[in-house]
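Note sheet for the following structure.
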Amino acid sequence: MRHLLATLILIIPASAQADLAEVIEVDYAPGRLSVTIAHPDTGWDHYADAWEVLSPDGTSLGTRELAHPHVEEQPFTRSLSVTLPGEAPWTVLIRARDSVHGWSEPIEVTLD
Numbered sequence: 015m016r017h018l019l020a021t022l023i024l025i026i027p028a029s030a031q032a033d034l035a036e037v038i039e040v041d042y043a044p045g046r047l048s049v050t051i052a053h054p055d056t057g058w059d060h061y062a063d064a065w066e067v068l069s070p071d072g073t074s075l076g077t078r079e080l081a082h083p084h085v086e087e088q089p090f091t092r093s094l095s096v097t098l099p100g101e102a103p104w105t106v107l108i109r110a111r112d113s114v115h116g117w118s119e120p121i122e123v124t125l126d
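Spelled out as structure tokens, the structure:
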């Protein structure tokens, strides 16, 4: 019985992580970030509801709230006007959020 219980404990966290919103592409034009997100939106109860750009120290540089589910549009891209401090190239962190699991782990992106 211990072996079966250990197997279940390992499987449950892995399956829970499968529904996190995922940043799959980032495009930058001066003053504007476009981020493509993939998430298995099921409707208002579980959908990707935001993405955020952070400085390397974790300071938020901007958040794009997503106002509705994208059940039929996957993956999807949304843009945000953003002012990046200093001079190019910039290193930023981008993460996505869903209404059930919260924020994903940020990915590091270098922008020119």
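Numbering-wise, this note's numbering puts 58 at position 44 of the sequence shown, and it's gapless, one number per residue.
Glycine included, each C-beta is placed from N, C-alpha and C at the ideal position.
Could you tell me if residue i is buried or exposed, where buried requires 16 or more neighbouring beta carbons within 10 angstroms of its beta carbon?
i: Arg46; result: exposed
i: Trp65; result: buried
i: Glu39; result: exposed
i: Ala110; result: buried
i: Asp63; result: buried
i: Glu86; result: exposed
i: Ala43; result: exposed
i: Asp55; result: buried
i: Ala81; result: exposed
i: Glu79; result: exposed
i: Glu122; result: exposed
In whole angstroms, what is the alpha-carbon distance linking residue i and residue j?
i: His53; j: Leu68; result: 21 Å
i: Ser48; j: His60; result: 22 Å
i: Asp33; j: Glu119; result: 13 Å
i: Ile108; j: Gly57; result: 24 Å
i: Glu36; j: Glu101; result: 28 Å
i: Ile51; j: His84; result: 10 Å
What whole-angstrom Cβ distance do residue i and residue j have, given they're in contact under 8 Å?
i: Pro99; j: Asp126; result: Between Asp126 and Pro99 the Cβ distance is about 15 Å, and since that is not below 8 Å, they are no contact.
Do residue j and residue i have their beta-carbon atoms positioned less than 8 Å apart in this structure?
i: Thr124; j: Thr97; result: no
i: Gly76; j: Leu94; result: yes
Q) Does the segment 85–96 come close enough to the segment 108–118 that 3 or more CB-CB pairs lie under 8 Å? A) No contact exists between the segment 108–118 and the segment 85–96.
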